[in-house]
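Residue numbers (my numbering): 604 to 1144.
No residue lacks a Cβ here, since even glycine has one placed at the ideal position from N, Cα and C.
Data block below; observations after.
Here's what the structure looks like:
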């Protein structure tokens, strides 16, 4: 008789009776240890004379025929000596970047629901293949329009899809990120009021506390006075009375996210838009949180004049660490003349860029946008179709509300504002009770969560919700994924109550113990380049 406990017996995977089981029982949470390489930066790995590729020798007469391209540049922009680039063999380059990739967390490696407001969903790898082939990767923005008809057609068709999704009349795909799209919308708002002779008088922008901070930041940077409406504790969104008290003849626009970053949808949004229209202002819809409303609500039906989407969120293109991402702005026909130049035009057979737009706000980034992300978004939408887009939203909402139920079962967790009500695609939770009872804070829970291989996000600063945690599971995750993530949070919360020191001193199984971020607040210590760093440490640049 075997003495191995029944639950530890290894099943013969070649047996035909029933599916094979794991070799051993897996604990909950699963065992995890982050890869840890003592990896120098690539400049420190450089070896003089090392090469990853040897270009073929220049044939006799070729260099003389081509000439020196740098000779046409002004002397002030020509280098006196070649750039000090790192010199490595192919295998050392491969090892370096593979090691760095192993030291990170990401959607391809772990359950990444802890990136609220960013919708870090799975991006199909087939879409990456589309943009890595020479038909896309070898294009250059200075090519003649006749040679880039395929890319222009994709842009033209994507605009039409976005029109249908939002109800807007025209789009620009030019902005390189969500904040750039907000800025572009504010520039068009200013141009609209300037055309009516009211730009100087309309100097206020209204937003809400839980709209994306970029709304207020872009408005402030554009020179507007920002009025921020606070939410009602019972509903989670500002009252219509509060908005009516804020609007006036000085109102340039309402710039609002809905659902907000709490996941709460304002059902009175149409009345909000109408209140702004009644005083002559415009309404601008930040749809960065559109992942839970695709195919269900549209900006047009709520009366908005402008909107923007983040292709790197809702439409499943890489976020790219903050850029180059892709933001797209939609407007009504009344505002179309102010769109950034150029716009993509076409008749279904031939496509071109229209630079002759005298009322345009001009360019908001070089060329015409982040073409690889435009292709990815177009492929993603086309693969799903209208019914698929709605299903994306429905599953995202289902996943989020299921995860919320599991998280709120954990001791010390709460979901402030509109307690007891459902959310759309994300929730901003609070560990305030847990912190009060244990002395463990949300950032420490996040560091301990890294010991189990998952990402954890708090919220924008300042922390309006005390001890925040923001989760946004999207449609990409299975029930098992969500159960595993909730189990990790339950485990760490349990440790906070029974063994808080293990949380206080986390992480224990990560690449580094704690990151020293004190330099972030000291400009004298900033070094944006290797050369600047070398100067700061007293080494030759």
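Residue 1104 sits exposed, since fewer than 16 C-beta atoms from the chains shown fall within 10 Å of its C-beta. Short of 8 angstroms from the beta carbon of residue 733, and not among the five residues preceding or following it, lie these beta carbons of its own chain, in chain order: 739, 978, 979, 982. Following the DSSP letters along the chain, one finds residue 1071 inside the beta strand (DSSP E) bounded by residues 1071 to 1074.
In this structure residue 1074 is in contact with residue 717, their Cβ atoms being roughly 6 angstroms apart against a cut-off of 8 angstroms. The distance from the Cβ of residue 893 to that of residue 915 is about 12 angstroms, inconsistent with a contact at the 8 angstroms cut-off. In the three-state reduction of the DSSP assignment, residue 983 falls in the helix class, which pools H, G and I. Here the alpha carbons of residue 758 and residue 682 stand approximately 37 angstroms from one another.
With contacts defined by Cβ atoms closer than 8 angstroms, residue 809 and residue 885 do not form a contacting pair. Judged by DSSP secondary structure, residue 730 falls within the alpha helix (DSSP H) whose first and last residues are 728 to 735. Residue 814 is a Cβ neighbour of residue 863, given a cutoff of 8 angstroms.
If you ignore the 5 residues before and after residue 632, its C-beta comes within less than 8 angstroms of the C-beta of 1055, 1087, 1090, 1091, 1094, all in its own chain and listed in chain order.
Counting only residues of its own chain and dropping the five nearest sequence neighbours on each side, residue 883 has a CB closer than 8 angstroms to the CB of 801, 805, 852, 854. Taken atom to atom, the span from the alpha-carbon of residue 659 to that of residue 673 is near 21 angstroms. Residue pairing from DSSP places residue 889 in a beta bridge opposite 860, 911. For the region 732 to 797, the full-length alpha helix (DSSP H) segments reaching 4 residues or more read 737 to 740, 752 to 769 along the chain.
Going by C-alpha positions, residue 1080 is about 8 angstroms away from residue 714. Annotated three-state conformation of residue 812 is coil, per DSSP. Its Cα nearest to that of residue 935, the residue 773 stands out among 957, 904, 773.
A contact between stretches requires three or more CB pairs, one per stretch, nearer than 8 angstroms, and the region 692 to 703 fails this requirement with the region 944 to 958.
Secondary structure of residue 667 (DSSP, three-state): helix. With respect to the 8 angstroms criterion, residue 905 and residue 879 are not classified as neighbours on the basis of their beta carbons.
Residue 1082 and residue 1010 have their C-alpha atoms some 14 angstroms from each other. Judged by their CB atoms, residue 947 and residue 938 are not nearer to each other than the 8 angstroms cut-off. For the pair residue 743 and residue 785, the Cα-to-Cα distance works out to about 27 angstroms. With a 10 Å radius around the Cβ and a threshold of 16 neighbouring Cβ atoms, residue 688 comes out exposed. For a cut-off of 8 angstroms, the C-beta gap from residue 922 to residue 721 is around 6 angstroms, short enough to register as a contact. In the structure shown, the three-state DSSP call for residue 701 is helix. Non-local C-beta neighbours of residue 839 in its own chain, meaning closer than 7 angstroms and more than five positions away in sequence, comprise 865, 867, 1020, 1021, ordered along the chain. About 25 angstroms separates the beta carbon of residue 1027 from that of residue 830, a gap too long to meet the 8 angstroms contact definition. Residue 1029 counts as buried, since at least 16 other C-beta atoms from the protein chains shown sit within 10 angstroms of its C-beta.
Nearest to residue 847 by alpha-carbon distance, out of 817, 835, 881, 821, is 881. In terms of Cα proximity to residue 971, the closest of 776, 699, 821 is 776.
Within a 10 Å sphere around the beta-carbon of residue 729 sit fewer than 16 other beta-carbons, which makes this residue exposed.
The closest CA to that of residue 691, considering only 668, 677, 656, is found on 656. Proximity of the region 1116 to 1136 to the region 1061 to 1068 falls short of the contact definition, fewer than three beta-carbon pairs being nearer than 8 angstroms.
The bridge partners DSSP lists for residue 1017 are 1033.
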